[in-house]
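Contents: one structure, followed by commentary.
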Amino acid sequence: MKPVQVVKILAFSMVLTAVMLMGWIGLVYAVNTYTAIAITAEEVLNLILVGFVAVIGLPILHAATYRWFWHIRRKQAAGELLLGEEMPGFGSEPTQPPPPIKWRARQIAVYALLYLVGMSSLIAAYAPLGHQEALTSFLWRFSAGRASFSSLVQLVIVFLPMALCFVCLIPLFEADRKRLAAGGLSEQEVLGIRGRQEWLSSFATAFVMAGFLAFIAGNMILAYL
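If you want my numbering, it's the 1-based position in the sequence shown plus 60.
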């Protein structure tokens with residue numbers, strides 16, 4: 061990464077941190093002063109962080125994973141990565157932009173709905189600090205120590221949601237496989253099918269990653285604030 065890019069990232073991070081800090085203080089003051097709602101600083105901070113992860117983080121993670129998945133597909137198509145070989149680490153190699161795909165209006169509407177559901181579910185699940193407390197207590201109850209707690213977090217927060225997402229996608233991918241095997245599709249139609257597969261797979265991955273980040277944010281607040 062070029063030094064100029066590093067400086068830009070650092071500057072953006074500093075500005076973003078300052079904005080979120082002022083928003084945190086301002087929201088705590090406004091809610092407790094001008095409304096009848098009693099809310100703690102910890103609850104507001106968790107709400108801000110989870111909202112940021114859901115609304116800003118999810119699209120960024122999705123764009124990154126979508127680009128990376130296309131990178132892996134291109135390597136496999138070129139014979140540079142064979143089935144069964146160890147996958148390169150996420151973001152460990154330079155990538156090219158995904159191929160341009162002309163999405164139909166119906167697909168765009170479905171994708172927008174998925175985003176709405178994904179963001180809403182992340183906020184509903186993790187924004188209330190009480191939900192974070194209940195989930196953390198549940199995980200600690202069935203853990204024998206910190207190591208087993210971390211393993212249980214991976215199972216419940218990462219692997220289980222990922223498995224559920226891909227169970228939902230398997231029938232669609234199987235139908236796509238049969239269409240591709242039958243042949244008779246134009247190059248643009250094949251690209252559209254591949255693009256939909258990568259879009260959905262990367263969205264599921266990004267959704268799980270965002271959920272994990274939201275959980276970590278709440279867990280840190282509960283542990284240190």
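All residues carry an ideal CB built from backbone N, CA and C; glycine is no exception.
Given Glu249 as reference, the closest of Arg164, Leu232, Leu70 and Pro188 once Cα atoms are compared: Arg164
Ala235 versus Cys225, Ala172 and Arg254, residue with shortest Cα-Cα distance: Arg254
If you count every other CB in all the chains shown that lies within 10 Å of the CB of Gly271, and 16 or more means buried, which is it? buried
What is the C-beta distance between Val110 and Ile183, in whole angstroms, given that I count them as a contact (C-beta under 8 Å)? 6 Å
Quick one: give me the first and last residue of the alpha helix (DSSP H) that Thr202 is part of. What sits at residue 202 in the sequence shown is Phe, not Thr. Run containing Phe202: none; DSSP gives neither H nor E here.
I think Leu224 touches Leu260, with their Cβ atoms under 8 Å apart; what is that distance to the nearest whole Å? So it is not a contact: roughly 14 Å between Cβ atoms.
Alpha carbon to alpha carbon, how far is Ala101 from Ser197? 21 Å
The region 140-148 touching the region 103-119, judged by at least three CB pairs closer than 8 Å: no
The region 154-162 contacting the region 120-139, beta-carbon criterion three pairs below 8 Å: yes
As assigned by DSSP and simplified to three states, the class of Arg256: helix
Give the straight-line distance between the Cα atoms of Ile132 and Met147, rounded to the nearest whole angstrom. 8 Å
Kindly indicate which three-state DSSP category Ser152 falls into: helix, strand or coil? coil
Would you call Val75 buried or exposed, if buried means 16 or more other Cβ atoms sit within 10 Å of its Cβ? exposed
Assign Arg127 to one of three DSSP states: helix, strand, or coil. helix
Which residue's Cα is closest to the Cα of Glu247: Trp200, Ile120 and Lys162? Lys162
Where Lys62 falls: helix, strand or coil (DSSP): coil
Pro154: which of Lys135, Val170, Arg166 and Gly83 sits nearest, CA to CA? Lys135
Which residue spans inside the region 157-191 form an unbroken alpha helix (DSSP H) run of at least 4? 165-186
Less than 8 Å separating the beta-carbons of Gly178 and Phe267? yes
Could you tell me if Ser262 is buried or exposed, where buried requires 16 or more neighbouring beta carbons within 10 angstroms of its beta carbon? buried
Hey, out of Ala169, Val216 and Thr93, whose CA is closest to Ile276's CA? Val216
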